[in-house]
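Here the protein sequences come in this chain order: A and B. When the count follows the numbering used here, it moves up by one through the first sequence with no breaks and lands on 204 for the last residue. When the count follows the numbering used here, it moves up by one through the second sequence with no breaks and lands on 204 for the last residue. Okay, structure first, notes after.
Number of protein chains: 2
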Amino acid sequence: MAAEAATGEAWGDITPDAARRLVTAAVQAFAERGYHATTTRDIAGRAGMSPAALYIHYKTKEELLYQISKVGHQRSLAMLAEARDAEGTASERLATAVRVFVRWHAEHHTTGRVVQYELGALAADHYAEIVGLRRQSEEAIRSIIEDGVDDGEFDVPDVSGTTLAVLSLCIDVARWFNPDGRRTPDEIGALYADLVLRMVRQTG
Amino acid sequence: MAAEAATGEAWGDITPDAARRLVTAAVQAFAERGYHATTTRDIAGRAGMSPAALYIHYKTKEELLYQISKVGHQRSLAMLAEARDAEGTASERLATAVRVFVRWHAEHHTTGRVVQYELGALAADHYAEIVGLRRQSEEAIRSIIEDGVDDGEFDVPDVSGTTLAVLSLCIDVARWFNPDGRRTPDEIGALYADLVLRMVRQTG
DNA sequence: CGGGAAGCTGAGCAAGCGCTTAGACGCTCC
DNA sequence: GGAGCGTCTAAGCGCTTGCTCAGCTTCCCG
Numbered sequence: 001m002a003a004e005a006a007t008g009e010a011w012g013d014i015t016p017d018a019a020r021r022l023v024t025a026a027v028q029a030f031a032e033r034g035y036h037a038t039t040t041r042d043i044a045g046r047a048g049m050s051p052a053a054l055y056i057h058y059k060t061k062e063e064l065l066y067q068i069s070k071v072g073h074q075r076s077l078a079m080l081a082e083a084r085d086a087e088g089t090a091s092e093r094l095a096t097a098v099r100v101f102v103r104w105h106a107e108h109h110t111t112g113r114v115v116q117y118e119l120g121a122l123a124a125d126h127y128a129e130i131v132g133l134r135r136q137s138e139e140a141i142r143s144i145i146e147d148g149v150d151d152g153e154f155d156v157p158d159v160s161g162t163t164l165a166v167l168s169l170c171i172d173v174a175r176w177f178n179p180d181g182r183r184t185p186d187e188i189g190a191l192y193a194d195l196v197l198r199m200v201r202q203t204g
Numbered sequence: 001m002a003a004e005a006a007t008g009e010a011w012g013d014i015t016p017d018a019a020r021r022l023v024t025a026a027v028q029a030f031a032e033r034g035y036h037a038t039t040t041r042d043i044a045g046r047a048g049m050s051p052a053a054l055y056i057h058y059k060t061k062e063e064l065l066y067q068i069s070k071v072g073h074q075r076s077l078a079m080l081a082e083a084r085d086a087e088g089t090a091s092e093r094l095a096t097a098v099r100v101f102v103r104w105h106a107e108h109h110t111t112g113r114v115v116q117y118e119l120g121a122l123a124a125d126h127y128a129e130i131v132g133l134r135r136q137s138e139e140a141i142r143s144i145i146e147d148g149v150d151d152g153e154f155d156v157p158d159v160s161g162t163t164l165a166v167l168s169l170c171i172d173v174a175r176w177f178n179p180d181g182r183r184t185p186d187e188i189g190a191l192y193a194d195l196v197l198r199m200v201r202q203t204g
């Protein structure tokens, strides 16, 4: 319910209405079963239309995945870039980046699952484009960590390895997060921000 | 090459020869394309036989996935349980657990990808069995962290949340690890053991 | 040498797939 | 009022899928 509301909410700016219904239906189906196990008949059915209607709005099933993947990655990148460019110390900016990124992957864990784990089903040219967006996200995190090292706030022997680990930790939230579980997205965001700061800060 | 050798090596005790070839072929195919996108014809072809020969050794395609998943999870659990039961401080045992677990997910990243990310394709009863093994793995990590807290070595406000984060961090290595990349499995294991200790240790 | 199990193949079946087509509906605009 | 357009459906095409089966070979055991 909350999850479904969130799924819909994130795609509010897609028009016409039928196209938006198709995208949200596809997100849910892809997240539950995976791209390859999802049929176009299933997507159309969830959106309340016949199988053929899908092809009026999207040329192929893969184009639906591309749309979802592109929008999701653009949003991720925007969040991380905003945290990087904000005022404040490197610790504050890193904590914000992790908190926001993790919270998004928990709240929108269906979208996150598709965005992060169904990349391999994209066509070659679409895949290349998405990989570009991912590299920019990685650069945003790395840049904050480098600032912290330069300022003497952080003690990080392996900057790119730690960047990878931080991103990996945040992303994997989409895989295991359960909306019926004990923790809210806010709580997980706060916990992870704390854990990441411990990973990079000057040791005692 | 190294990766393929590792893929084969991990399944050395399966007989007869044809069954082992099928399993290693299935691991590679599932890891590359995912379970649903892999055809039984592809698996049989990689193992050097006709599509029909697969069904002499395994009743269904899902049974192949189950076999891979079960053996992989049993090995994971054995590694973590051994680290839990070893001599030494909680710090030493946690570092060993992470180092070994991460190294395995890097060395056997094809197997790891299948084991960790294709669970959802298992039949309901097989899935339930695997979930039991996963819970035991989680308990092993949690137990080491609890020991560290009791001994005053660790400062962990949220034990189960941190346990989840540690496991998640290790598991996700299978997703991003690239054998042609700069880092060896040993190096990643050492880096991650250090990062995890920083997450749990008393802050100075 | 003979018989039966085990391993394997070529051919193919039923079902389900992504996607297309022909045609009908309702809307706007002149 | 009817032409034109965007939206949608029922039907179905061509293909691939997981899986089966009759029959062939190979090898062990007496």
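Even glycine gets a Cβ: it sits at the ideal position worked out from N, Cα and C. Since we're looking at a predicted model, the values are computed, not measured.
In terms of beta-carbon proximity, His36/A lines the interface with chain B, with at least one pair separated by less than 8 Å. Annotation for Gly72/A: Thr111 and Val115 place their beta carbon closer than 6 Å to its own, counting only its chain and skipping 5 residues before and after. Contact check for Tyr35/B against Leu65/B passes: the beta carbons are separated by less than 8 Å. Look at Arg175/B here: in three-state DSSP terms it is helix.
For Arg182/A, the secondary structure class from DSSP, reduced to helix, strand or coil, is coil. With respect to Ser69/A, Leu122/A sits close: the two C-beta atoms are nearer than 8 Å. In the DSSP assignment, no residue is bridged to Arg84/B. DSSP places His105/B in the uninterrupted alpha helix (DSSP H) bounded by Ala90 to Glu107. When the Cα atoms are used, Ala193/A and Ser160/B turn out to be separated by approximately 16 Å. In the DSSP annotation of this structure, the continuous segment of the alpha helix (DSSP H) that includes Glu129/A starts and ends at Ala124 to Asp150. Taking the C-beta atoms as reference points, Glu82/B is found no nearer than 8 Å to Pro185/B.
When C-beta atoms of the stretch 147-155 of chain B are compared with those of the stretch 88-98 of chain B, three or more pairs fall below 8 Å, so the two segments count as touching. Not a single CB atom of chain A sits nearer than 8 Å to the CB of Ala106/B. Rounded to the nearest angstrom, the Cβ distance from Leu80/B to Phe101/B is 6 Å, consistent with a contact under 8 Å.
CA-CA distance, Phe30/B to Thr38/B, rounds to 6 Å.
For Tyr127/A, not one C-beta of chain B is nearer than 8 Å to its own C-beta. Proximity of chain B to Asp186/A at the Cβ level (cut-off 7 Å) is not reached, the minimal Cβ distance being about 13 Å. Straight-line spacing of the CA atoms in Gln202/A and Glu153/A works out to 6 Å. Between Ser168/B and Leu169/A, the gap from beta carbon to beta carbon is short of 8 Å. Residue environment: Thr15/B is assigned as exposed (fewer than 16 neighbouring CB atoms within 10 Å of its CB, all protein chains considered). Thr163/A is positioned such that its CB atom lies no closer than 8 Å to that of Ile130/A.
Membership of Glu32/A in the alpha helix (DSSP H) is indicated by the continuous run Asp17 to Arg33.
From the listed residues Glu62/B, Arg103/B and Arg20/B, the smallest Cα separation to Ile171/B is found for Arg103/B. Close CB contacts of Ser143/A within its chain, under the 6 Å cut and outside five residues either way in sequence, are with Arg84 (chain order).
Distance from the Cα of Trp176/A is smallest, within the candidate group Arg75/B, Ala86/B, Gly120/B and Asp13/B, for Gly120/B. Chain-order list of chain A residues neighbouring Ile171/B: Asp172, by C-beta distance under 8 Å.
Annotation: the continuous alpha helix (DSSP H) that includes Tyr55/A extends over Leu54 to His57.
Per the coordinates, the alpha-carbon of Arg135/A lies some 14 Å from the alpha-carbon of Val166/A.
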